[in-house]
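Residue numbers (UniProt numbering): 1 to 206.
Everything below concerns the one structure shown next.
Here it is in structure tokens:
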């Protein structure tokens with residue numbers, strides 16, 4: 001039975017009880033990344049994460065497209081004060097987002113380090129996404145209060161680049177997270193576990 005498509009929301013490590021078994025490809029690095037689109041077809045941990053993030057990144061664009069239907073009489077600019085909360089929300093995302101995740105503790109054996117790195121990678125991507133998307137979504141109620149579509153557009157302009165920069169797991173994005181994990185002299189083996197083959201249930205008989 002295939003694992004649920006959004007099982008990465010679970011805080012369990014890949015080899016937790018009842019979870020899928022993942023065999024890290026030790027020695028793999030950024031040069032082994034087949035590319036964003038190609039990885040979507042490979043069924044790897046990286047490909048599944050990238051597919052999920054593409055779906056999540058589409059939601060703010062859809063909201064932007066239907067904004068004229070949400071905000072009544074929303075052609076005005078809105079008062080100046082209504083833009084201040086957007087800047088206030090963008091600042092924590094800009095400052096705190098790149099500092100997630102925390103460094104790993106050195107000394108773990110490779111398999112355990114890879115499992116920990118995968119869990120921390122998933123958490124970091126989702127937390128970074130939440131910080132950046134919060135800027136965009138904050139623009140929705142503010143736009144409705146101010147009766148101005150431009151308020152949501154301003155939130156989108158502030159938040160969407162942060163969303164792409166912080167949360168989209170491109171090769172450079174993964175490398176930034178790997179460097180954070182290894183900044184305490186630990187070896188994360190992050191690429192090894194992200195480029196692992198398709199997960200399969202531990203109790204599979206075939």
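By construction, the Cβ of each residue, glycine as well, lies at the ideal position given by its N, Cα and C atoms.
As the structure is a prediction and not an experimental result, all values here were calculated from the model.
- [ ] Answer with buried or exposed for residue 31, where buried requires no fewer than 16 other C-beta atoms within 10 angstroms of its C-beta.
- [x] For the purposes of this step, residue 31 is taken as the residue at position 31 of the chain shown. Residue burial is scored here from C-beta neighbours: residue 31 has fewer than 16 other C-beta atoms within 10 angstroms and is therefore classed as exposed.
Open item on the list: Considering only their Cβ atoms, is the gap separating residue 59 from residue 138 smaller than 8 Å?
Closed with: Residue numbering aside, residue 138 sits at position 138 when the chain shown is read from its first letter. Residue numbering aside, residue 59 sits at position 59 when the chain shown is read from its first letter. No; because the gap between Cβ atoms is not below 8 Å, this pair is not in contact.
Task: Whether residue 82 touches residue 192 by CB criterion (8 Å) - done: Residue numbering aside, residue 82 sits at position 82 when the chain shown is read from its first letter. Residue numbering aside, residue 192 sits at position 192 when the chain shown is read from its first letter. Their beta carbons are not under 8 Å apart, which means residue 82 does not touch residue 192 by this criterion.
Task: Neighbourhood of residue 40 by C-beta, 7 Å cutoff - its chain only, sequence neighbours within 5 removed - done: Here residue 40 refers to the residue found at position 40 when the chain shown is read from its first residue. Taken in chain order, the residues that qualify are 47, 50 and 51.
Task: residue 172 - DSSP class collapsed to helix/strand/coil - done: Position 172 of the chain shown holds residue 172. If DSSP states are grouped into helix, strand and coil, residue 172 belongs with the helices.
Open item on the list: Closest to residue 145 by C-alpha separation, out of 162, 29, 70 and 185, would be which residue?
Closed with: Translated into the one-based positions of the chain shown, residue 145 becomes position 145. Comparing Cα positions, the closest option is 70.
Task: Separation of residue 78 from residue 102, as counted between CA atoms - done: Along the chain shown, read from residue 1 onward, the residue named residue 102 stands at position 102. Along the chain shown, read from residue 1 onward, the residue named residue 78 stands at position 78. Rounded to whole angstroms, residue 102 to residue 78 spans 39 Å at the Cα level.
Open item on the list: Please tell me whether residue 190 and residue 97 are closer than 8 Å, where the distance is taken between their beta carbons.
Closed with: Within the chain shown, numbered from 1, the residue matching residue 190 stands at position 190. Within the chain shown, numbered from 1, the residue matching residue 97 stands at position 97. If you check the CB distance, residue 190 and residue 97 do not come in under 8 Å.
Task: Supposed contact pair residue 177 and residue 93 - C-beta distance, whole angstroms, cut 8 Å - done: Position 93 of the chain shown, counted from the start, is the residue given in the question as residue 93. Position 177 of the chain shown, counted from the start, is the residue given in the question as residue 177. At roughly 16 Å, the Cβ-Cβ gap does not stay under 8 Å, so residue 93 and residue 177 are not in contact.
TODO: Drop a sphere of 10 angstroms on the beta-carbon of residue 169, count the other beta-carbons inside from all chains shown, and report buried for 16 or more, exposed for fewer.
DONE: Sequence index remark: in the chain shown, residue 169 carries index 169 (1-based). Result: buried.
Task: Chain-order list of residues whose beta-carbon lies under 6 Å from that of residue 194 (same chain, five-residue window excluded) - done: In the chain shown, counting from the first residue as 1, residue 194 sits at position 194. Closer than 6 Å at the Cβ level, and outside the excluded window around residue 194, lie 45 and 46.
Open item on the list: Could you check whether residue 188 and residue 104 sit closer than 8 Å to each other, using their CB atoms as the reference points?
Closed with: The residue labelled residue 104 in the question sits at position 104 within the chain shown. The residue labelled residue 188 in the question sits at position 188 within the chain shown. Cβ distance < 8 Å, so residue 104 and residue 188 count as in contact.
Open item on the list: Rounded to whole angstroms, what is the Cα-Cα separation between residue 175 and residue 33?
Closed with: Locating residue 175 in the chain shown gives position 175, where the first residue counts as 1. Locating residue 33 in the chain shown gives position 33, where the first residue counts as 1. Straight-line Cα distance between these residues: approximately 11 Å.
Open item on the list: Can you tell me whether residue 58 sits near the ligand COA, meaning its C-beta is under 7 Å from at least one heavy atom of the ligand?
Closed with: What this structure holds is no ligand at all, so the ligand COA is not there to describe.
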